[in-house]
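If you count the sequence shown from 1, position 106 lands on 318 in my numbering, and the numbers rise without skipping. The beta-carbon is built from N, C-alpha and C at its ideal position, and this holds for glycine as well. Bear in mind that the values here come from a model prediction, so they are computed numbers and not experimental data. Beneath this line is the structure, given in structure tokens, with notes to follow.
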Amino acid sequence: MNGFIQIGIAISIIVWAVPSTAQRANPHLIYEENCASCHLPHAGDFVSEKLIVSESGIVGKASGRPVIDYLKAGHGELSDEEITVLIEQFEFIQESGRLFQEKCIICHDNAAEFARQKLILRDDIVTGRYTDRDVAEFLLQHGRLDASEAQKMVEVLMRQLQVK
Ligand code: HEC
Ligand code: HEC
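Pasting the structure below:
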């Protein structure tokens, strides 16, 4: 794929994925600095193991109480802005996890494992580790995703690769 198309896709992914949070606090750091000392080390694991979606949005599995209510009540001591960013991040993780579950898991058992074993970031482009494939381009033809789902999936895989 030529560089212009790559850049175009990279930009559209960023625009798509974080429309309102671009200039704001980094959601990974918010979780890591304020939540991880008591909860699971990574936001992705916390969301998939401890939270579910109900009619009232994202809620704790144990309590059924909306996460936003917890945070607004002072749990974790976040500012209102940090709360907004973190909730958006949780929703993104939740939605994309569901997409992977629906469309990919039959053939690739787990997004995190799959990304770590088969993929690598080269110049910030998600690439097949052994195939050297441009994954953004590949997913337009693979896994029966529409274009926006494909972008979302690239973003998900990228985040998996950025987690240390
Ligand atoms: C000082 C420790 C501590 C910190 C820091 C902390 N929590 Fe908690 N949190 C707990 C404890 C203890 C519970 C209740 C037991 C449980 O559900 O794990 C809890 C419960 C929760 C629940 C409810 C889970 C359920 O199933 O109902 C959510 C959601 C939550 N925390 C989110 C967060 C987020 C997000 C942050 C960071 C902004 C955070 N917590 C920071 C200790 C902490
Ligand atoms: C029906 C089975 C099947 C489904 C469903 C499927 N894949 Fe795949 N996928 C494969 C196979 C087989 C390969 C290896 C093909 C190859 O290397 O030519 C592959 C390769 C890939 C690669 C490239 C890996 C590399 O090393 O280059 C990516 C990325 C990928 N899949 C992501 C996904 C995502 C994301 C989904 C869900 C949207 C998905 N796949 C759904 C079977 C599947």
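Could you tell me which of the options sits nearest to residue i, measuring between CA atoms?
| i | options | result |
| --- | --- | --- |
| residue 266 | 238, 306 and 362 | 306 |
| residue 269 | 260, 261, 279 and 262 | 279 |
With respect to 6 Å, is the separation between the Cβ of residue i and the closest non-hydrogen atom of ligand 1 below this value?
| i | result |
| --- | --- |
| residue 274 | yes |
| residue 288 | yes |
| residue 279 | yes |
| residue 238 | no |
For residue i, which residues of its own chain have a beta-carbon under 7 Å away from its beta-carbon, when the five flanking residues on both sides are left out?
| i | result |
| --- | --- |
| residue 315 | 355, 356 and 357 |
| residue 301 | 239 and 255 |
| residue 288 | 246 and 247 |
Considering only residues of the same chain and omitting the five flanking positions on each side of residue i, which have a CB-CB separation below 8 Å?
| i | result |
| --- | --- |
| residue 333 | 339, 370, 373 and 374 |
| residue 167 | No statement about residue 167 is possible, as the shown extent of the chain runs from 213 to 376 and does not include it. |
| residue 350 | 340 |
Which residues in the same chain as residue i place their Cβ atom closer than 6 Å to its Cβ, once the five residues preceding and following it in sequence are excluded?
| i | result |
| --- | --- |
| residue 330 | 341 |
| residue 364 | 308 |
| residue 295 | 283 |
Taking the straight line between their C-alpha atoms, what separation do you get for residue i and residue j?
| i | j | result |
| --- | --- | --- |
| residue 292 | residue 284 | 7 Å |
| residue 322 | residue 257 | 12 Å |
| residue 251 | residue 261 | 11 Å |
| residue 343 | residue 328 | 14 Å |
| residue 299 | residue 274 | 18 Å |
| residue 320 | residue 360 | 20 Å |
| residue 253 | residue 335 | 26 Å |
| residue 362 | residue 310 | 14 Å |
Just grab the DSSP bridge partners of residue i for me.
| i | result |
| --- | --- |
| residue 309 | Per DSSP, none; premise fails for residue 309. |
| residue 334 | 337 |
Between residue i and ligand 2, is the CB less than 6 Å from at least one heavy atom?
| i | result |
| --- | --- |
| residue 345 | yes |
| residue 330 | yes |
| residue 355 | yes |
| residue 340 | yes |
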